[in-house]
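Report on the structure given below.
2 protein chains.
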Amino acid sequence: MTTQDRLIESTRTLLWERGYVGTSPKAIQQLAGVGQGSMYHHFTGKPDLALAAITRTAEERRAQAEAQLGGPGTAVERITAYLRREREVLRGCPVGRLTQDPDVMADPALRRPVEQMFAWLRERLAGILAEGLTAGELRPVLDPAATAATVVATLQGGYVLARAAAATGPFDQAIDGLLGLLTAAATSAPGSAA
Amino acid sequence: MTTQDRLIESTRTLLWERGYVGTSPKAIQQLAGVGQGSMYHHFTGKPDLALAAITRTAEERRAQAEAQLGGPGTAVERITAYLRREREVLRGCPVGRLTQDPDVMADPALRRPVEQMFAWLRERLAGILAEGLTAGELRPVLDPAATAATVVATLQGGYVLARAAAATGPFDQAIDGLLGLLTAAATSAPGSAA
DNA sequence: GTCTATAGCTGGATAGAC
DNA sequence: GTCTATCCAGCTATAGAC
Chain A
1 MTTQDRLIES TRTLLWERGY VGTSPKAIQQ LAGVGQGSMY HHFTGKPDLA LAAITRTAEE
61 RRAQAEAQLG GPGTAVERIT AYLRREREVL RGCPVGRLTQ DPDVMADPAL RRPVEQMFAW
121 LRERLAGILA EGLTAGELRP VLDPAATAAT VVATLQGGYV LARAAAATGP FDQAIDGLLG
181 LLTAAATSAP GSAA
Chain B
1 MTTQDRLIES TRTLLWERGY VGTSPKAIQQ LAGVGQGSMY HHFTGKPDLA LAAITRTAEE
61 RRAQAEAQLG GPGTAVERIT AYLRREREVL RGCPVGRLTQ DPDVMADPAL RRPVEQMFAW
121 LRERLAGILA EGLTAGELRP VLDPAATAAT VVATLQGGYV LARAAAATGP FDQAIDGLLG
181 LLTAAATSAP GSAA
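These protein sequences, in sequence, are chains A and B. Each residue of the first sequence is one higher than the last, beginning at 1 in my numbering. Each residue of the second sequence is one higher than the last, beginning at 1 in my numbering.
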């Protein structure tokens, strides 16, 4: 791994853990095992490093999502696979956490990858849900774009609940609850229990 | 308003906007219009001020939620009223945002009000949903606790999406999507469209 | 490319006068 | 109770040697 790469990875880790304000150039250097002069040789400063880190993180998450969403199966199956995939729940979402960072949101360059990543994800999910509606898999009363937003929000909010409780339970419950609702909204569900 | 109160309100505002690490005693004093010595006379330091601020904020949000959840109507009606109530969407949730603050989560005293507030909210909603199930208002396949977690997560995640997009639209969509799913899961829904 | 030295500024708090 | 002075550590970056 090159010096640049070590610095970027170090920055990614610290941004995830401590956010932008809470991450100092010094800490980045130490975690990367790189000297002061070296860091400022490769990057102009903290914002420059953050841009590289954020861009890489956003792209990685997008690729991870596509791995599940682009897989085989029905709409609900693919969404279920995405929601159920292994996650470091208590660490939260490295992209979502940036939305709480005013210095990141205030800088158009730093904000962009975050905005794009969520825009892409919502559209991707909306498309899959639309397929599910067309296929008669889901009740036609559902709005694909709105439901897609709910899916992403449940994930992001699930992280919040898990961190608040210092336990993964609430995250799993939120996902279970969402899948329960989706199942109940499936065209085949109606005459089940009761 | 007393000096203490001004300091607490100032701290609440700054914690909401910039988080714990991003909020300095100096900024608190300036926003409150209170001198250095005065601040340290009334509070032992930043953690002490934060505790007062966080406690007050958590209690306020809880009371606001109860205002809707304790109102009249069916389970779905009360939850709808809660989800639809006016919110400063782009500012995010002042309690939820604290879960992203490692220094807050690392301090048991500061963490407590956050944890309690979300625990209370999830239980309150689970109780209401259980009533809805008993009343035959919702399909019995739904799990009250899981669905409650989904409701809270959708709200919290809705804030994230709104901030990422710098627009309230995604928040509203997430809420719409959730209510759409809840409606589809209502016992009366089955034979609607299609 | 990497190192050390240096710099100005802010964070968070204490001390003691009034 | 409130004010000013002071303190040390850390943040962020630049300068210049090697």
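Where is the CB? At the ideal position from N, CA and C, for every residue including glycine.
Measure the alpha-carbon distance for residue i versus residue j and round it to whole angstroms.
i       : j       : result
A193(B) : L121(A) : With a pLDDT of 42 at A193(B), under the threshold of 50, the modelled position of that residue is not reliable, and no figure is offered here.
G191(A) : E137(A) : In this prediction, G191(A) has a pLDDT of 46, which is less than 50 and means its spatial position is unreliable; nothing more can be read from the coordinates.
F43(B)  : I8(B)   : 10 Å
A65(B)  : L90(B)  : 19 Å
G70(A)  : T80(A)  : 12 Å
G177(A) : S24(A)  : 39 Å
Y82(B)  : Q36(A)  : 51 Å
D48(B)  : I28(B)  : 13 Å
E59(A)  : S38(B)  : 48 Å
R62(A)  : M117(A) : 7 Å
V141(B) : L14(B)  : 43 Å
F171(A) : T74(A)  : 24 Å
G19(A)  : L98(A)  : 7 Å
A53(A)  : A166(B) : 21 Å
T187(B) : G180(A) : 14 Å
T183(A) : E131(A) : 16 Å
E115(B) : A50(B)  : 15 Å
E88(A)  : V76(B)  : 33 Å
R12(A)  : D101(B) : 16 Å
K26(B)  : G22(A)  : 17 Å
P108(A) : A119(A) : 16 Å
D143(A) : D143(B) : 23 Å
Answer with buried or exposed for residue i, where buried requires no fewer than 16 other C-beta atoms within 10 angstroms of its C-beta.
i       : result
A5(A)   : For the sequence presented, residue 5(A) should be read as Asp rather than Ala. Per the 10 Å Cβ criterion, exposed.
Y159(A) : buried
R111(A) : buried
A106(B) : exposed
T2(A)   : exposed
A135(A) : exposed
Y40(A)  : exposed
P72(A)  : exposed
Q173(A) : buried
A32(A)  : buried
R139(B) : buried
P113(B) : buried
A164(A) : buried
Q30(A)  : exposed
If contacts are defined as beta-carbon pairs under 8 Å, then residue i and residue j qualify, I think. What distance do you get, rounded to the angstrom?
i       : j       : result
A185(A) : A185(B) : 6 Å
V151(A) : L133(A) : Not really, about 14 Å apart at Cβ, beyond 8 Å.
T168(B) : A162(B) : 5 Å
Quick one: residues in its chain with C-beta nearer than 6 Å to the C-beta of residue i, no 5 flanking neighbours on either side, listed in chain order?
i       : result
P94(A)  : W16, T57
V104(A) : Y20, L98, L110
Below 7 Å CB to CB, which residues in the same chain sit around residue i once its five sequence neighbours on both sides are set aside?
i       : result
Q156(B) : C93, G96
V34(B)  : T3, R6, L7
Q148(A) : First, the residue type needs correcting, since residue 148(A) is Ala and not Gln in the sequence shown. Only R122, L125, A126, L129 meet the Cβ criterion.
Q68(B)  : R78, A81, Y82, R85
K46(B)  : P25
S10(B)  : I28, L31, A32
Using 7 Å as the cut-off, classify the Cβ of residue i as near or not near the heavy atoms of the ligand MN, replying yes or no.
i      : result
I79(A) : Here there are no bound small molecules, and the ligand MN is not part of this structure.
Below 8 Å CB to CB, which residues in the same chain sit around residue i once its five sequence neighbours on both sides are set aside?
i       : result
I175(A) : L83, R84, T154, L155, G158
T55(A)  : P113
Along the region 103-118 of chain A, where does the CB come closer than 7 Å to a CB of chain B? Name the residues.
Of all residues in the region 103-118 of chain A, M105, V114, E115, F118 have a Cβ within less than 7 Å of some Cβ in chain B.
For the region 4-33 of chain A, which residues have a CB atom closer than 8 Å to at least one CB atom of chain B, in sequence order?
Within the region 4-33 of chain A, the qualifying residues are E17, R18, G19, V21, G22.
Along the region 44-75 of chain B, what residues have a CB closer than 9 Å to any CB found in chain A?
Listed in sequence order: no entries.
Check distances from the C-beta atoms of the region 143-155 of chain A to those of chain B and list, in chain order, the residues that come in under 8 Å.
Against chain B - using a Cβ distance shorter than 8 Å - the residues of the region 143-155 of chain A are D143, A145, A146, T147, A148, A149, T150, V151, V152, A153, T154, L155.
Can you give me, in chain order, the residues of the region 160-171 of chain B that have a beta carbon less than 9 Å from any beta carbon in chain A?
Cβ proximity to chain A below 9 Å picks out V160, L161, A162, R163, A164, A165, A166, G169, P170, F171 from the region 160-171 of chain B.
Which residues of the region 79-105 of chain B have a Cβ closer than 9 Å to any Cβ of chain A? Give them in chain order.
Flagged, chain order: G92, C93, V95, G96, R97, L98, T99, Q100, D101, P102, D103, M105.
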